[in-house]
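If you're matching positions, the sequence shown starts at 766 in my numbering and goes up one per residue. Idealized CB from N, CA, C, for every residue including glycine. Predicted model only: the values in this text are computed from it and were never measured. Below is one structure, written out as structure tokens; the observations come after it.
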Amino acid sequence: MRHRKAKLQLNRRTSWRKATLTSLAKALLIHQRIKTTKAKAKAVNPLIGKLISLGKNNSLFAKRQAYRILGDHKLVSLLFNDIAPRFSNRIGGYTRILNLGSRRGDNAQLVILALTEIKEKGPKKPKVEVEKKEAQKPEILKEGLPKEQPQEEKKPRAEIAIKEKPPISKKPTKKFLGGLRRIFKKERDSL
């Protein structure tokens with residue numbers, strides 16, 4: 766019997782559900798806020814809490830446990846060096862769920878799942894405009910030729926003989942039913 770095994774199954778088998786939850790957790794750690802359905806957000810919430818608690822522990826064993834879930838060394842280092850220190854004063858409640866409304870196609874409730882301590886991105890630095898140096902143009906004499914270039918003799922271009930295509934006589938397009946009449950009406954049928 767399945768007593769005391771309550772969890773959100775998301776209508777998926779075990780491996781598919783685990784893959785969905787880990788991909789949602791990875792996306793949340795990378796982007797700090799994701800748009801998903803309410804059921805998926807509620808299902809991934811405990812996993813995120815576990816990962817951030819492991820990050821606050823900051824031991825080798827905790828890093829190995831986090832790697833077991835995330836499967837990416839860069840993401841584990843991001844979790845332990847950047848995300849978990851932001852939550853050092855907080856005991857729980859690492860995420861928040863903000864309602865967006867329902868999706869048009871299947872009427873699923875959409876939410877934004879976000880970390881409560883979001884690292885604010887500073888304003889983007891304006892791109893340094895590279896001054897384009899104008900190409901040095903050769904001085905033009907009164908004659909109209911560049912100073913540096915000697916006057917070259919112009920070679921006559923080979924004339925290409927262009928063959929004229931014979932005019933295409935357009936035949937009147939057959940009507941759709943005109944072609945069908947021949948199929949169904951044959952000479953032997955007219956007897």
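field: Nonlocal neighbours in the same chain, by C-beta distance under 6 Å from Pro-811, ignoring five residues either side
entry: Closer than 6 Å at the Cβ level, and outside the excluded window around Pro-811, lies no residue.
field: Own chain partners of Arg-861 with C-beta closer than 6 Å, once the 5 adjacent residues on each side are dropped
entry: Hits under 6 Å: Ala-879, Thr-881.
message: Suppose contacts are defined by Cβ-Cβ distances below 8 Å. Is Leu-794 in contact with Leu-844 by that definition?
response: Cβ distance < 8 Å, so Leu-794 and Leu-844 count as in contact.
- prompt: Checking contacts by CB at 8 Å: is Lys-770 closer than that to chain D?
  reply: Checking the listed chains, one finds no chain D in this structure; it contains a single protein chain.
- prompt: Going by alpha carbons, who is nearest to Phe-852 out of Gly-836, Ile-817, Ser-934?
  reply: Here the closest residue by C-alpha is Ile-817.
message: Could you compute how far the alpha carbon of Ala-784 sits from the alpha carbon of Glu-894?
response: Looking at the two C-alpha atoms, the distance is approximately 45 Å.
- prompt: Applying the criterion that 16 or more other CB atoms from any shown protein chain within 10 Å of the CB defines a buried residue, is Lys-805 buried or exposed?
  reply: With 16 or more other Cβ atoms within 10 Å, it is buried.
Under 8 Å between C-beta atoms of Leu-819 and Ala-831: Closer than 8 Å, so yes.
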